[in-house]
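Residue numbering for the first sequence follows the working numbering, beginning at 316 and increasing consecutively. Built from N, CA and C at the ideal position, the CB exists for glycine as well. Below is one structure, written out as structure tokens; the observations come after it.
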Amino acid sequence: MPDHAISPTRAEDYPEWYQQVVKAADLAEQSPVRGCMVIKPHGYAIWERMQTILDRMFKATGHQNAYFPLFIPLSYLEQEAKHVEGFAKECAVVTHHRLELGPDGKLIPTGKLEEPLVVRPTSETIIGAMYAKWIQSWRDLPMLINQWANVVRWEMRPRVFLRTSEFLWQEGHTAHATSEEAVEETLRMLDVYATFAERDLAMPVVKGPKTAAERFPGAVDTYSIEAMMQDGKALQAGTSHFLGQNFARGQNIKFASTSGAEEFCWTTSWGVSTRLVGAVIMTHSDDDGLVLPPRIAPHQIVLLPIHRTDEEKAAVMEACRKLEAELSAATFGGEPIRAKIDARDMRGGDKVWQHIKQGVPVRVEIGPRDLAAGAGSMTRRDRGPKERVAVPLAEFASRAPTLLEEIQQGLFERAKAFRAERTVRLDSAADVHVFFGAGEGPGEGSARGGFAHVHVADDPAVAAAFDPLKVTVRCVPMEGNDEPGTCVVTGKPVPRRSVLARSY
RNA sequence: CGGAGCGUAGCGCAGUUGGUAGCGCGCUUGGUUUGGGACCAAGAGGUCGAGAGUUCGAAUCUCUCCGCUCCGACCA
Numbered sequence: 316m317p318d319h320a321i322s323p324t325r326a327e328d329y330p331e332w333y334q335q336v337v338k339a340a341d342l343a344e345q346s347p348v349r350g351c352m353v354i355k356p357h358g359y360a361i362w363e364r365m366q367t368i369l370d371r372m373f374k375a376t377g378h379q380n381a382y383f384p385l386f387i388p389l390s391y392l393e394q395e396a397k398h399v400e401g402f403a404k405e406c407a408v409v410t411h412h413r414l415e416l417g418p419d420g421k422l423i424p425t426g427k428l429e430e431p432l433v434v435r436p437t438s439e440t441i442i443g444a445m446y447a448k449w450i451q452s453w454r455d456l457p458m459l460i461n462q463w464a465n466v467v468r469w470e471m472r473p474r475v476f477l478r479t480s481e482f483l484w485q486e487g488h489t490a491h492a493t494s495e496e497a498v499e500e501t502l503r504m505l506d507v508y509a510t511f512a513e514r515d516l517a518m519p520v521v522k523g524p525k526t527a528a529e530r531f532p533g534a535v536d537t538y539s540i541e542a543m544m545q546d547g548k549a550l551q552a553g554t555s556h557f558l559g560q561n562f563a564r565g566q567n568i569k570f571a572s573t574s575g576a577e578e579f580c581w582t583t584s585w586g587v588s589t590r591l592v593g594a595v596i597m598t599h600s601d602d603d604g605l606v607l608p609p610r611i612a613p614h615q616i617v618l619l620p621i622h623r624t625d626e627e628k629a630a631v632m633e634a635c636r637k638l639e640a641e642l643s644a645a646t647f648g649g650e651p652i653r654a655k656i657d658a659r660d661m662r663g664g665d666k667v668w669q670h671i672k673q674g675v676p677v678r679v680e681i682g683p684r685d686l687a688a689g690a691g692s693m694t695r696r697d698r699g700p701k702e703r704v705a706v707p708l709a710e711f712a713s714r715a716p717t718l719l720e721e722i723q724q725g726l727f728e729r730a731k732a733f734r735a736e737r738t739v740r741l742d743s744a745a746d747v748h749v750f751f752g753a754g755e756g757p758g759e760g761s762a763r764g765g766f767a768h769v770h771v772a773d774d775p776a777v778a779a780a781f782d783p784l785k786v787t788v789r790c791v792p793m794e795g796n797d798e799p800g801t802c803v804v805t806g807k808p809v810p811r812r813s814v815l816a817r818s819y
């Protein structure tokens, strides 16, 4: 066997490594439908973890869930000019509502719709149409609603989890009486995403507003959290938009204010998607497969009984069940610890490697020898596959929360250190060109780059200057960044540095 | 949608100048094993991506289409 479970390794071929990890961890696979993936149980379980945690956070910030239609009348999309422009190119359109059996046995779409329906690429317009009905008075505000749904964006180049034609996400849509309140909401939800990314996904992110070119179609301001993947590329992990009154005007979302005047609402929208699963993979995984932070791992601890005879089996299984019960009674991150006994009848080595490839944070083997010593053999996914530690069974459950916290924190620190190593401050366009290695050779380019903090203006000339490098302005970091300077392209004065990177 | 590559068993691949399908892993069964991706034996599994054409004969040659991957344009 090679010394790692995934081939090729990250260093050899990063994109291919990513796909092999998805396959080895049994997260998802290609479907018969072009550009669409099947999310398999293990991949879906990770998404469910994300949903559970985020949903709790949305509720805690006063939001309620609701559900709006998959189909959006074509005319709705036309209500905000920039919105149409932004999404028109990638929409799936339903034009018929019936199938008839043709003479050759083929099914023929018939029953042409009077008005074509667009499969939602996002739901601003249809939710706005409902808000226009629901909101009449300042007493109806703020309107704070979230929807868990699928959306379709007909992408040219799909990549599992990162960019598929259909994906799952959550979209929050809120309406407010004042601009200040709406901006506050936009930033609050950006913070929710940042907290979730760092605390639960152990993925350090940079928060900040986008440049005009990268803004959501129809938004006044778009904010994002940007994470660095292990190839140095940036991944937009979540977005929060301040929509101003743009959509409210287009869709007539009005309210009577306390003074009795009729005013347009100020709206926001924000979302994260199954892309986060890809983000987690590319942030933590190694050449042995998936590595999951404990907080989002469907199973945090797997117990592996080892036995030969029936007597051994009885004793070992009893010890496993006892430990499983103790672990389930203990808590980590405010939830019961998720432990599982894997008693499947298969070879121990295969079984262990399966759990390694699937990213289970902690494995505990319990065999007759361990039992005699009152111990279990523990291995951690964030350490080498053969670094085993004997742990006393009597105390393991009480120590487990600390252990999981240590792993969670360790992964976060490791990711932060990685990002720090690949983050630089540059003060000239020439340095940017050098850093991102203008002339990259095959197989080498993927290892280059990172985040460059540079003074640049929000100006098309900046995008044009770095376009040949495939580098874009990811966002203008809001924290620890108040050093004024002059734009390295246009020479204009700017109040702070921006993050430049290649991106997914 | 442009450029490149690929499509043969669940996975990874071989199959030369056209002659009717093979290897490794995996899977099933039996046995030997078992604290680190076991070994022996016997088996199951393929309209060679789809369609058309050339030919006595096509996985192999020609054309068209479909899908996947990478690189561009677009994006969460």
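{"Item": "Spatial neighbours of I568 in its chain, beta-carbon cut-off 8 Å, leaving aside the 5 residues before and after", "Value": "G443, Y446, A447, I450, A490, F562, F579, C580, T582"}
{"Item": "Anticipated Cβ contact below 8 Å, F476 with A343, distance rounded", "Value": "7 Å"}
{"Item": "Whole-angstrom C-beta distance between A645 and S692, which should lie under 8 Å", "Value": "The pair is not a contact, with the Cβ atoms about 20 Å apart (cut-off 8 Å)."}
{"Item": "6 Å CB neighbourhood of S761 in its chain, flanking five on each side removed", "Value": "Confidence in S761 is poor, its pLDDT being 39 and thus under 50, which makes the residue's placement too unreliable to answer from."}
{"Item": "Option in V786, V777, E680, R740 with minimal Cα separation from H768", "Value": "R740"}
{"Item": "Through-space distance from E499 to F781, alpha-carbon basis", "Value": "33 Å"}
{"Item": "Per DSSP, the bridge partner or partners of N380", "Value": "N461"}
{"Item": "Inter-residue spacing [alpha-carbon to alpha-carbon] between A320 and H599", "Value": "15 Å"}
{"Item": "Cβ-based burial, G756 [other Cβ within 10 Å; buried from 16]", "Value": "Unreliable positioning characterises G756 in this predicted model, as indicated by a pLDDT of 36, which lies under 50. The coordinate reading is nonetheless provided below. Exposed, because fewer than 16 other Cβ atoms sit within 10 Å of the Cβ of G756."}
{"Item": "Cβ pair V820, E541 closer than 8 Å", "Value": "Lying before the first or after the last residue shown, residue 820 is absent from the chain, which here runs from 316 to 819."}
{"Item": "The stretch 717-735 touching the stretch 508-519, judged by at least three CB pairs closer than 8 Å", "Value": "yes"}
{"Item": "Secondary structure, beta strand (DSSP E): runs of 3+ residues fully inside the stretch 649-694", "Value": "654-656, 677-681"}
{"Item": "Residues of its chain near G553, where Cβ-Cβ distance is below 6 Å and the 5 sequence neighbours each way are ignored", "Value": "Y508, I540, V587"}
{"Item": "N-terminal and C-terminal residue of the beta strand (DSSP E) that D774 is part of", "Value": "Neither: D774 is in no beta strand (DSSP E) and is coded neither H nor E."}
{"Item": "Beta bridge counterpart(s) of A542 as assigned by DSSP", "Value": "V520, L550"}
{"Item": "Beta carbon of S584 nearer than 8 Å to that of H488", "Value": "yes"}
{"Item": "CA nearest to the CA of F482, picked from P700, E513, P436", "Value": "P436"}
{"Item": "Buried versus exposed call for M661 [16 or more other C-beta atoms within 10 Å across all chains shown]", "Value": "exposed"}
{"Item": "For K404, the nearest candidate out of M471, E439, F386, G426 (CA to CA)", "Value": "M471"}
{"Item": "Per-residue burial, K672 [other beta carbons within 10 Å of its own, 16 or more giving buried]", "Value": "buried"}
{"Item": "Nonlocal neighbours in the same chain, by C-beta distance under 8 Å from P810, ignoring five residues either side", "Value": "D797, P799"}
{"Item": "Burial state of E759 (16 or more Cβ within 10 Å)", "Value": "Below a pLDDT of 50, predicted positions are generally treated as unreliable, and E759, at 38, falls in that range; the measurement from the model is reported next regardless. When all chains shown are included, E759 counts as exposed."}
{"Item": "Element boundaries [alpha helix (DSSP H), containing H357]", "Value": "356-375"}
{"Item": "Alpha carbon of K374 to alpha carbon of A492, nearest angstrom", "Value": "21 Å"}
{"Item": "Option nearest F511 by Cα separation, candidates R684, E633, T787, R610", "Value": "R610"}
{"Item": "Identity of the residue in D774, C802, G765 nearest M297 by Cα", "Value": "Absent from the model: residue 297. The displayed extent of the chain is 316 to 819, so no value can be given."}
{"Item": "Span separating the alpha-carbon of P808 from that of G752", "Value": "27 Å"}
{"Item": "Nearest residue (CA-CA) to S743, options A735, T805, E633", "Value": "T805"}
{"Item": "Pairwise C-alpha distance: N461 and N380", "Value": "5 Å"}
{"Item": "Anticipated Cβ contact below 8 Å, V679 with L605, distance rounded", "Value": "About 19 Å separates the two Cβ atoms, so there is no contact after all."}
{"Item": "Classification of H770 by the beta-carbon crowding that lies within 10 angstroms, buried from 16 upward", "Value": "buried"}
{"Item": "Collapsed DSSP secondary structure at H412 in the structure displayed", "Value": "strand"}
{"Item": "Limits of the beta strand (DSSP E) - the one that Y622 falls within", "Value": "Here residue 622 turns out to be His, not Tyr, going by the sequence shown. First-last for H622: undefined, no H or E at that position."}
{"Item": "For M597, the three-state DSSP class (helix, strand or coil)", "Value": "helix"}
{"Item": "Where R325 falls, given that 16 or more other Cβ within 10 Å makes a residue buried", "Value": "buried"}
{"Item": "Cβ neighbour criterion (16 or more within 10 Å) applied to G689", "Value": "exposed"}
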